[in-house]
Structure formats: C-alpha cells, structure tokens
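Undergrad: Just so you know, we're using the UniProt record's numbering here: the sequence shown kicks off at 1 and counts up by one.
Ideal Cβ positions, reconstructed from N, Cα and C, are used throughout, including at glycine.
Pasting a structure below so you can have a look.
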Amino acid sequence: MKLKRRTAGQAKGAPAWMVTFSDLVTLILVFFILLFSMSQIDMIKFKAITESFQEHFFDFYPSMIPLENPAAVETELPENNEEKDMSEESLQNLLTEVQNYLDKNGLEDVIIANRTERGVVLVLQEQVLFDPGQATLLGDSHAFLTKVGELLVKLPNLVKVEGHTDDIPMSSFRYPSNWELSAARASSVINYLIANHQLDSRRFIAVGYADTRPVISNDSPENRQKNRRVEIIISDPKYSEDDLAS
C-alpha cells in the first residue's frame, strides 16, 4: 500500500526573521538609552526639538481665538461692614482689657499695648519673660501670658510673635547667634499660649529678627534693654498671613 505523504501545515506566528529584527531594534533602543543617561541634556536643543514636534504633530489641535474687544467685567464684592465693625470692636475691647490689666498690676513700664495698622501690638521687655541669653519663660511671665491667652480664645484673629535682641553677639551651645535666640523666644511664647489655652496652632506665626529691627539705637545699656523684647501682634482682619510674615 502506498503511504500518503503528510503536507506541512502553514507556520503559525511571525516569520523567523521578525524575531531577529525585534532583537536588533531592542538592542539599538538600549544603546541610545545608555547614551542618553550618560550625557547632559542641552535644554536649548531639547526645547527646540519639543517645539518642532509641537509644530508638526499638534497643529491640528483646535486653539482658542481671542476676542478683539473683550468685554471687561468687574465684579465688586459687597463689603461686610457689620463684620468689619465687629472685628474692630473686638480688637478695641482686647486693647482696653490689656491696658486695664497693665494699670492694675503696675506693668506699664515693661509691657506696652497699642493699636497700629497691623492690629493690637503688645511689646514685652526681656526681663518680663526671660533671663539674659535664655529662651525659657520665667514663672512671673505666666500671669500676663495667661491673660493674653484668655483674650485670644474669644477671637479668631491670626497672631504673630516676634523675637528681637540687641546687637551684642550671642554665642552658646544652644543658641549660636541672636537669630536662634530670638526665634526660640518667639516659639516659647507661642508654645505656652497653645498648651495652656487649647488655641489652634495654625493661627500663630513665630519669627526671630535678631538685632535687625531695633526700636532705638544700640548705643547704651538702657537702649539695648529696650531692643531686647518680644512683640505679640493680634492681627487686624484685613491683614493676611503673608502680610504678617513680612
């Protein structure tokens, strides 16, 4: 009996040469990736190539056509005069209470309270809060800071605390310069207020100015004493956080 020869079926998949070709393309791609990773990008050439691609490949995308005479629309938000008046009244009440407290306790010479465009500003001399060269609050400072904290609980205003020093260089292990000392003193005041009155920490800004913002020339021991101070600014509502930080 004559055996019938089996015909070979059609080969499945891609031709054999395609496998070799894909390997070659892969090797070339790896080669250029290595070259790219070992070279520095010329940003000017890179930008030119990018713009070229945009011009040739993305021209078909629609773009917005500006109007020749666009109508100017000005929207003015109505001022809430009632809220503004209430904020001003609250700050004035705070100032009055602080001044009465200072008069009652004989602290007018070492703590000054006044109203400025920034808000209510309390200026505390160094001897009220700290020992020289230190940033740990004295026990005698707690009574006044407690009074301030009780008043801040009633207000939503932002509070900036600034630390200031005189021009005598500071050098210690903990405070290498007046910058560290002034910032640490501002932070100590804020930490006390937050810890003892559950105030929101996001309301506070601590800044150390060292000797860069004296209130008077550092030409005598008395004047240097006036420059060593901490200022607490209860901000006017029209002042933002960025304004206070400046």
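For V120, count the other beta carbons within 10 Å of its own beta carbon; 16 or more makes it buried, fewer makes it exposed. Which is it?
TA: In the sequence shown, residue 120 corresponds to position 120, counting from 1. Its Cβ being crowded by 16 or more others within 10 Å, V120 is buried.
Undergrad: Assign K238 to buried or exposed, taking buried as 16 or more other Cβ atoms, counted over all protein chains shown, within 10 Å of its Cβ.
TA: Counting from 1 along the sequence shown, the entry for residue 238 is found at position 238. It counts as exposed.
Undergrad: Is the segment 144 to 154 close to the segment 206 to 215, with three or more CB pairs under 8 Å?
TA: Judged by Cβ distances under 8 Å, the segment 144 to 154 makes no contact with the segment 206 to 215, as fewer than three pairs qualify.
Undergrad: In this structure, does DSSP put S201 in helix, strand or coil?
TA: The sequence position of residue 201 within the sequence shown is 201, counting from 1. Helix at S201.
Undergrad: Candidates N157, I33 and D23: which alpha carbon is nearest S87's?
TA: Here the question's residue 87 lines up with position 87 in the sequence shown. Nearest option by C-alpha distance: N157.
Undergrad: Spatial neighbours of A186 within its chain, please: CB distance less than 7 Å, with the 5 preceding and 5 following residues excluded, ordered by chain position.
TA: Along the sequence shown, read from residue 1 onward, the residue named residue 186 stands at position 186. Excluding sequence neighbours, A186 sits near V161, E162, G163, A206, V207, G208 and V230.
Undergrad: Suppose you measure from the CA of N223 to the CA of S217; what does that come to, to the nearest Å?
TA: Counted from its first residue, the sequence shown places residue 223 at position 223. Counted from its first residue, the sequence shown places residue 217 at position 217. Roughly 7 Å between the two C-alpha positions.
Undergrad: According to DSSP, is V159 helix, strand or coil?
TA: As a first step, residue 159 must be located in the sequence shown, where it is residue number 159. Residue state, collapsed to three classes: strand.
Undergrad: Go through its chain and collect everything with a Cβ distance to K123's Cβ below 6 Å, but skip five positions before and after it.
TA: By 1-based counting over the sequence shown, the position of residue 123 is 123. The amino acid at residue 123 is misidentified as Lys; the sequence shows Val. Around V123: I112, R229 and E231.
Undergrad: Alpha helix (DSSP H) containing Q127: first to last residue?
TA: Here residue 127 corresponds to residue number 127 of the sequence shown, with the count starting at 1. E126 to L129 is the extent of the alpha helix (DSSP H) around Q127.
Undergrad: For E126, tell me which candidate among Q225, F21 and D23 has the shortest Cα-Cα distance.
TA: Sequence index remark: in the sequence shown, residue 126 carries index 126 (1-based). For E126, the nearest C-alpha among the options comes from Q225.
Undergrad: According to DSSP, which residues form a beta bridge with H164?
TA: On the sequence shown, position 164 is the one that residue 164 refers to. Paired residue(s): R229.
Undergrad: Pick helix, strand or coil for T20, following the three-state DSSP scheme.
TA: On the sequence shown, residue 20 is found 20 positions in, with the first residue counted as 1. T20: helix per DSSP, three-state reduction.
Undergrad: In whole angstroms, what separates the C-alpha of E108 from that of H142?
TA: Along the sequence shown, read from residue 1 onward, the residue named residue 108 stands at position 108. Along the sequence shown, read from residue 1 onward, the residue named residue 142 stands at position 142. Whole-angstrom Cα-Cα distance: 17 Å.
Undergrad: Taking the alpha carbon of K154 as the reference point, which residue from Q92, S22 and Q134 has its own alpha carbon closest?
TA: Residue numbering aside, residue 154 sits at position 154 when the sequence shown is read from its first letter. Of the listed residues, the one whose Cα sits closest to K154 is Q92.
Undergrad: Taking just the CA atoms, how far does L29 sit from T212?
TA: As a working mapping, residue 212 is identified with position 212 in the sequence shown. As a working mapping, residue 29 is identified with position 29 in the sequence shown. Their Cα atoms are separated by approximately 59 Å.
Undergrad: Do Y192 and L145 have their C-beta atoms closer together than 8 Å?
TA: Translated into positions along the sequence shown, residue 192 becomes position 192. Translated into positions along the sequence shown, residue 145 becomes position 145. Yes, Cβ-Cβ distance for Y192 and L145 is below 8 Å.
Undergrad: Are R115 and I233 touching if we call contact CB-CB under 8 Å?
TA: Position 115 of the sequence shown, counting from 1, holds the residue named residue 115. Position 233 of the sequence shown, counting from 1, holds the residue named residue 233. No, these two residues do not count as a Cβ contact at 8 Å.
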